[in-house]
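Numbering (the working numbering), first residue to last: 1137 to 1341. We put the CB at the ideal spot given by N, CA and C, even for glycine. In this text the structure is predicted, and so the values were computed from the model without any measurement.
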Amino acid sequence: MSTYIRTTETGFQLPVLFYPTGALAPVISQQTVEIHYGKHFNTYVENLNKCIAETEYEGMTLREIVKQAPKGPLLNNAGQVLNHSLYFEQFTPYPPASNRPTGNLKEFIHFDFGNFDILKKKMEDAAASLFGSGWVWLAQEESGKLTIVNCPNGENPIQQYMTPLYGIDVWEHAYYLDYQNRRAEHVKKLWDIVDWEMVESRLNI
Ligand code: MN
C-alpha cells in the first residue's frame, strides 16, 4: 500500500524514492527517472495541491479523492499522483535478486491466469493495444480474483472498486527517451525490475 503520501498543511508531498535515480538502468535510464519522477510526477502533485486548496477535498486522503472527485483537472491530477506513487514504489534496483512472484501472489497468479508467463503475455498485449495515453494494471477485484485492467489517461482501478497491484505506465513520457516508439520492448524489460514483494503487499488476502 502506498501509505507514505500524507496530507499536511502544505498539501500532498512528492514521495521519497526508495532507490537512486540511476538504479533502474538500463531498464529505465537515470534521465527518464529524473524527468518522470522529478518533473512529471512533481507537477501532478503541485497541480493536485492547487486543485484541493480551500475545497472540501483538502482533508481527504488521496484514495478518497480519486473515488469521489468528478471528471476534470482535480480527478486527473489525483489519479496521476496515486498512479505514480504506486508506480515508483513497485520497482527495485537492477538487477534484482528475484524477478518472479512468490508466496500468496504466486498462488493467486497461478489460480487466475494459469502461470506467470501467461500473465506477462496478457499484460504485454494489453499495453500494446492501449490506444493513446494510459495505464495497464494487474488489479484485484472485490471477490479476490486477479484481473488486467486498461485505464485511459490518469484513471486507476480503485474507480472500479478494484485494488491496483502492478501498473505499467504507457504514457510516452515513461519510455520515449529510452525506447522511442518501441513500447512493447519497454514493457517486456520492466519485468526485470518489479519488486514482487511490494506488489504482493498490496494484495487483499
Ligand atoms: Mn507517468
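With a threshold of 8 Å, are at least 3 pairs of Cβ atoms found where one atom belongs to the stretch 1245 to 1255 and the other to the stretch 1173 to 1181? no
Using 8 Å as the Cβ pair cut-off and three pairs as the minimum, do the stretch 1162 to 1172 and the stretch 1308 to 1318 touch? yes
Reference W1332; option with closest CA among E1278, Q1316, T1228, G1268: For this step, residue 1332 is matched to residue 196 along the sequence shown. With distances taken between Cα atoms, W1332 lies closest to T1228.
Tell me whether the beta-carbon of V1330 lies closer than 8 Å to the beta-carbon of Y1302. As a working mapping, residue 1330 is identified with position 194 in the sequence shown. As a working mapping, residue 1302 is identified with position 166 in the sequence shown. Against a cut-off of 8 Å, the Cβ pair of Y1302 and V1330 comes out as a contact.
Is any heavy atom in the ligand MN found nearer than 7 Å to the beta carbon of A1263? For this step, residue 1263 is matched to residue 127 along the sequence shown. Every heavy atom of the ligand MN is 7 Å or more from the Cβ of A1263, so no.
Verify the contact flag: W1307, CB atom, against every heavy atom of the ligand MN, threshold strictly below 7 Å. Locating residue 1307 in the sequence shown gives position 171, where the first residue counts as 1. Flag set: Cβ of W1307 near the ligand MN.
Across the stretch 1186 to 1196 and the stretch 1280 to 1300, are there enough close Cβ pairs to call them in contact, namely three or more that are closer than 8 Å? no
For the alpha helix (DSSP H) holding N1219, just list the boundary residues, first then last. Here residue 1219 is taken as the residue at index 83 of the sequence shown, counted from 1. That run of the alpha helix (DSSP H) goes 1209 to 1225.
Taking only three categories from DSSP, how would you classify Q1276? Locating residue 1276 in the sequence shown gives position 140, where the first residue counts as 1. Three-state DSSP puts Q1276 in a strand.
Inter-residue spacing [alpha-carbon to alpha-carbon] between P1231 and S1165: As a position in the sequence shown, residue 1231 is number 95, starting the count at 1. As a position in the sequence shown, residue 1165 is number 29, starting the count at 1. Near 13 Å, if we compare the C-alpha coordinates of S1165 and P1231.
What first and last residue would you give for the alpha helix (DSSP H) that runs through T1168? Taking the first residue of the sequence shown as 1, we reach residue 1168 at position 32. T1168 -> alpha helix (DSSP H) spans 1166 to 1171.
With G1239 as the anchor, note down where its alpha helix (DSSP H) starts and where it stops. The residue given as residue 1239 occupies position 103 in the sequence shown. Element bounds for G1239: 1239 to 1249.
Close Cβ partners of A1315 (< 7 Å) along its chain, the five nearest in sequence each way excluded: Position 179 of the sequence shown, counted from the start, is the residue given in the question as residue 1315. Residue identity differs from the one stated: residue 1315 is Tyr in this sequence, not Ala. Apart from sequence neighbours up to five positions away, the residues of its chain that approach Y1315 with a beta-carbon distance below 7 Å are E1321, H1322, ordered along the chain.
Just to confirm, does A1275 get its C-beta within under 7 Å of one of the non-hydrogen atoms of the ligand MN? Here residue 1275 refers to the residue found at position 139 when the sequence shown is read from its first residue. Checking the Cβ of A1275 against the ligand MN gives no.
Under the three-state reduction of DSSP, which class applies to D1331: helix, strand or coil? Here residue 1331 refers to the residue found at position 195 of the sequence shown. For D1331, the secondary structure class from DSSP, reduced to helix, strand or coil, is coil.
Kindly indicate which residue of L1210, H1220, A1233 has the alpha-carbon position closest to the one of W1327. Position 191 of the sequence shown, counting from 1, holds the residue named residue 1327. Considering only alpha carbons, the answer is A1233.
heavy atom of the ligand MN below 7 Å from H1322 C-beta: For this step, residue 1322 is matched to residue 186 along the sequence shown. No; taking the cut-off as 7 Å, the Cβ of H1322 has no heavy atom of the ligand MN nearer than that.
Taking 7 Å as the line, does the beta carbon of H1246 fall inside it for any heavy atom of the ligand MN? Numbered from its first residue, the sequence shown carries residue 1246 at position 110. No; taking the cut-off as 7 Å, the Cβ of H1246 has no heavy atom of the ligand MN nearer than that.
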